[in-house]
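Some notes on the structure that comes next.
In this note's numbering, the protein residues as written are 8 to 313.
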């Protein structure tokens, strides 16, 4: 009787282990995944007759991909500038004194409905790694105006918006930043990512303070092969069907489909290939059933949780 009782208990814990019995994943499983869809003020800057308002989702800048809106108001004329040729730059001064930039929009589009310029930036570091400063340059009646403001970049608590930075096999620096979904469903989900590479030429918009900062551009016409797995030992290298590799759309972002068959920890294993099929980074993952051990990962991956 005791044997049957022990077996039943063991079976129960095995069946519930994907949500309860975690050693390394338990704390993450209990994390509430936030969703933010409202833009709020991050900071407001006043320079002479101009007031510049910077907004982001939830009014907070996070490590990884950030949608940003900028409004420029001329207080003397009591009007919003709608044709200001906005340029944007984010610079991190690390604790060792080194200064670096990051991927960001080079073309800020004015939306007449909300009277703001829309773009993005990708912060590869939190403010714990140094000090971030945003610089905004714009023109009004032929005059160029430049303003700068220190900001705080926080840890991204939503793992569905994680990012990874790596050196490709070609020696260049790359960043892959997840843009969507914020909160996936147990189903097929559209997966959107920005992919960026370091440039040898860094004068995209002429606003870099010095050439040592470097710059990034959107990776063009590559393919991001996708192989999602559940990495926990109890899941035995579980994967899912009907996933679609990410390919670039007209807006510059990469779109694919990821099929999550259950909630929990997932690893998005990637292989990044250029337009000629050459592998920039990544490796195949074994399809073997491996219960009791951590799931294998590609050399290029992003962990998520929902």
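The C-beta atom is built at its ideal place from N, Cα and C for all residues, glycine as well.
Contact belief for residue i with residue j at Cβ below 8 Å, rounded distance in angstroms
i	j	result
residue 80	residue 101	Between residue 101 and residue 80 the Cβ distance is about 33 Å, and since that is not below 8 Å, they are no contact.
residue 199	residue 262	6 Å
residue 309	residue 183	7 Å
residue 83	residue 146	In fact, because the Cβ distance is near 16 Å, the residues do not count as touching under 8 Å.
residue 131	residue 172	5 Å
residue 95	residue 191	The Cβ separation is near 30 Å, so there is no contact.
residue 50	residue 193	With a Cβ gap of about 38 Å, residue 50 and residue 193 do not count as contacting.
residue 311	residue 169	6 Å
residue 220	residue 98	6 Å
residue 155	residue 140	6 Å
residue 264	residue 196	7 Å
Bounding residues of the beta strand (DSSP E) (the contiguous stretch that carries residue i)
i	result
residue 137	137 to 147
residue 193	Here residue 193 belongs to no beta strand (DSSP E), and DSSP marks it neither H nor E.
residue 116	116 to 118
residue 102	Per DSSP, residue 102 belongs to no beta strand (DSSP E) and is neither H nor E.
residue 151	150 to 158
residue 178	First-last for residue 178: undefined, no H or E at that position.
residue 76	71 to 81
Three-way DSSP call (helix, strand, coil) for residue i in this model
i	result
residue 28	Residue confidence for residue 28 is low, a pLDDT of 42 falling below 50, so the modelled location carries little weight; the figure read from the coordinates is stated next. Three-state result, residue 28: coil.
residue 167	helix
residue 54	strand
residue 12	For residue 12, the predicted model reports a pLDDT of 40, less than 50, meaning its position is unreliable; a value from the coordinates is still stated below. Looking at residue 12 - three-state DSSP - the assignment turns out to be helix.
residue 220	helix
residue 89	coil
residue 111	strand
residue 235	strand
residue 298	coil
residue 293	coil
residue 205	strand
residue 247	coil
residue 241	helix
residue 134	helix
residue 42	coil
residue 306	coil
residue 210	With a pLDDT of only 48 at residue 210, under the threshold of 50, the placement of this residue in the model should not be trusted, and no figure is reported.
residue 227	coil
residue 313	coil
residue 67	coil
residue 47	strand
residue 84	coil
residue 122	coil
Check: residue i C-beta below 7 Å from any heavy atom of the ligand FAD
i	result
residue 89	Because no ligand of any kind appears in the structure shown, any question about the ligand FAD cannot be addressed here.
Below-8 Å beta-carbon distance, residue i vs any chain C residue
i	result
residue 259	Checking the listed chains, one finds no chain C in this structure; it contains a single protein chain.
Contiguous beta strand (DSSP E) assignments of at least 3 residues, all confined to the segment 250 to 290: 251 to 255, 261 to 266, 272 to 280, 286 to 289
field: the segment 232 to 244 contacting the segment 267 to 280, beta-carbon criterion three pairs below 8 Å
entry: yes
field: Touching by the beta-carbon criterion (3+ pairs, under 8 Å), the segment 155 to 163 and the segment 59 to 76
entry: yes
query: Below 8 Å, can you find three or more Cβ-Cβ pairs linking the segment 240 to 249 to the segment 301 to 309?
result: yes
Given 8 Å, three or more beta-carbon pairs between the segment 249 to 265 and the segment 220 to 231: yes
task: Count the C-beta pairs between the segment 177 to 189 and the segment 277 to 293 that are closer than 8 Å, then say yes if the count reaches three, no if not.
output: yes
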